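Per our numbering, the sequence shown starts with residue 9, numbered consecutively. Note that CB positions come from ideal geometry on N, CA and C, so glycine has one too. Since the model is a prediction, treat every value here as computed from it, not as a measurement.
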Amino acid sequence: MTDILATLYPWVKALHVVSVIAWMAGLFYLPRLYVYHAEQVQTGQVPAEDLFRTMERRLLQAIMNPALVATWLFGLMLVFTPGIVDWTAVWPWAKAAAVLGMTWFHHWLGLRRKDFLAGRNQRSGRTYRMMNEVPTVLMLVIVFAVIVKF
């Protein structure tokens, strides 16, 4: 099995990068949709709310969820490729923690979508603006951990 992973390494790495890009795009955009959704609901624009619900559902279900699964699948394949990860170093642990944080954030966004659907969103546009910074910070940790290998 490890021989196959070593042979497929460049392809798996490329697919991992593509998956991460798709996932990150959604993680950056969905909180921004929530900002607009929360602020439009406060103004009472019901047709806008229906549009936001559709956009949020499609982004989460058609792009973000498959990208999350693909990112984890290809990432785990990379982890199990011989000679790729030095678990005695700090960087893989930092990356792992940041990826877990990113996964938590993804699920937090999914829970917020359920709040909007049920009409019980209690968070303001400002809260979603602040939370929109979470994936940026986690992305920085991941990129510097992998590239600099501290």
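When the Cα atoms are used, Arg65 and Phe88 turn out to be separated by approximately 33 Å.
Between the segment 112-121 and the segment 13-24, the count of Cβ pairs shorter than 8 Å is below three; the stretches do not touch. If the five residues before and after Val154 are omitted, its C-beta is found closer than 8 Å to the C-beta atoms of Trp99, Lys103, all from its own chain and listed in chain order. Thr79 and Leu35 have their C-alpha atoms spaced approximately 13 Å apart.
Contact between Ala97 and Lys157 holds, with the beta-carbon distance rounding to 6 Å and staying under 8 Å. With 16 or more neighbouring CB atoms inside 10 Å of its own CB, Ser27 falls in the buried class.
Assignment of alpha helix (DSSP H) within the segment 48-98, counting only whole runs of 4 or more residues, yields 54-66, 73-87 in chain order. The three-state secondary structure of Ser27, taken from DSSP, is helix.
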